[in-house]
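What follows is a short report on a single structure.
Protein chains: 2
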Amino acid sequence: MSQPLTIPARRGKAHRVAKGETVRVINTHGEQVIDTWAFNAEDLTEFMSMEHSRAHMLKIIPVVGDILRTNRRRPILTLVEDTSGGIHDTIIAACDRHRYAFLGVEGHHDNCEDNLHAAMREIGLEAPETPSPLNLFMNIPVHPDRSVSFEAPVSTPGSFVRLKAEMDLVIAFSACPQDILPINGVGHLPTEAHFVVEP
Amino acid sequence: MSQPLTIPARRGKAHRVAKGETVRVINTHGEQVIDTWAFNAEDLTEFMSMEHSRAHMLKIIPVVGDILRTNRRRPILTLVEDTSGGIHDTIIAACDRHRYAFLGVEGHHDNCEDNLHAAMREIGLEAPETPSPLNLFMNIPVHPDRSVSFEAPVSTPGSFVRLKAEMDLVIAFSACPQDILPINGVGHLPTEAHFVVEP
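Heads up: the sequence lines are chains F and Z, in that order.
The opening residue of the first sequence carries number 1 in the UniProt record's numbering; numbering runs sequentially from there.
The opening residue of the second sequence carries number 1 in the UniProt record's numbering; numbering runs sequentially from there.
Right, here's the structure in full:
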């Protein structure tokens, strides 16, 4: 197994992944939401899209075997293993500076949107926009009355998902810095997480 | 009441709307899905976003009184009246040429993505991307097992929604040309629809 790479607490990390490799995303401390994006390495304007993926998976949360698709409806990642309890989110936007202003924060607050763009720049790339992310480990139940709520993760320390790359791609993560809502656990404490790229 | 404007069958239509005006979107024949977008008239890179709206409405389908927000989390439209039965969709992407290729269509098929961009160009504007649309009258139930299905509309002829503009905006519609899935009724017959801008 390759060396685990760190997604620092409240920060992002991007990495190139070759077609056929898998990425194990580890919820090291168990309650950390990881916003996840994937871009076609050859053309960053093609990227993983939740609204296109849902139309083909016919689900709002992927399960093992499901294919995540791009905005051109091509497979980009397949969920091949999930020890986390299977609760993830595809319907909520990445947090951004407007989100924290809305929640009453004055001045700067770390956020997933800025983390995506900073992580991409760290490896010399510019994300063309902020796609709606695959929010790994995020617990947003959709209730029978069509309401949604923000709940603490159900995942446990060391649990993980494994995603297989269906094309050469750039994967980007943000360890969500949300510390006002309980989305990263009732302790409201954002933590680091890890990932491993495997052949 | 102003003259109703036509959204032609299988085609798009865009229109400028001033802050405070309302737009009545009429399902003239009762079973037509209308993909709907809204852009800030002063800056088209700010637009109605389903993933941001859901995070604030705390629902996957807006009801009367709910505010649709932009990708900067500002109010852009409020749903102020709905006689259609209240079934709409916020989770499925606009259909596009890739969708019809996936469904086995060879060659050209009208699609909502192309309709958005053509409608904007018709009034001298260029949409910066294809945001995930508010799919009025579209019936995509989310089942308790988190699966979704494509069903016929529940709306009736002449039923409508009324949307209030919360900023000066450009609204764009596409009368969805989907004739393979039953999303525009079990007759699979895309039709025209109408809208009226009212003070």
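Note that CB positions come from ideal geometry on N, CA and C, so glycine has one too.
| Rounded separation between residue 74(Z) and residue 12(F) - CA only | 26 Å
| task | Could you run through the segment 158-189 of chain F and flag, in chain order, every residue whose CB is less than 7 Å away from some CB of chain Z? | result | none
| Is residue 179(Z) helix, strand or coil by DSSP? | Looking at residue 179(Z) - three-state DSSP - the assignment turns out to be coil, as it is neither helix nor strand.
| query | Which of helix, strand or coil does DSSP assign to residue 53(Z)? | reply | helix
| For residue 165(Z) versus residue 34(Z), is the C-beta distance shorter than 8 Å? | no
| request: Taking only beta-carbon positions, decide if residue 142(Z) is within less than 8 Å of chain F. | output: yes
| Where DSSP assigns a beta bridge to residue 195(F), which residues make up the other side? | Residue 195(F) pairs with 5(F) and 25(F).
| message | Quick check for students: name the residue ranges of the alpha helix (DSSP H) that lie wholly in the segment 53-120 of chain F, counting only runs of 4 or more. | response | 97-102
| task | Reducing DSSP to helix, strand and coil, say where residue 122(Z) ends up. | result | Annotated three-state conformation of residue 122(Z) is helix, per DSSP.
| task | Grab the span of the beta strand (DSSP E) containing residue 15(F) for me, first residue to last. | result | Membership of residue 15(F) in the beta strand (DSSP E) is indicated by the continuous run 12-17.
| Pair within 8 Å by beta-carbon distance, residue 72(F) and residue 31(F) | No. Outside cutoff.
| query | Does residue 217(F) get closer than 8 Å to chain Z when you measure Cβ to Cβ? | reply | Examination of residue 217(F) is not possible in this model, given that chain F is present from 1 through 199 alone.
| At what residues does the beta strand (DSSP E) containing residue 36(F) begin and finish? | 34-40
| query | Between residue 199(F) and the rest of its own chain, which residues show a CB-CB distance below 7 Å, the 5 nearest in sequence each way excluded? | reply | 21
| task | Could you tell me whether the Cβ of residue 19(Z) comes closer than 8 Å to any Cβ of chain F? | result | no
| Given residue 141(Z), which residues of its chain have a CB within under 8 Å of its CB, disregarding the five upstream and five downstream residues? | Here the set comprises 148, 149 and 151.
| query | Where do the ends of the beta strand (DSSP E) carrying residue 163(F) lie? | reply | 159-165
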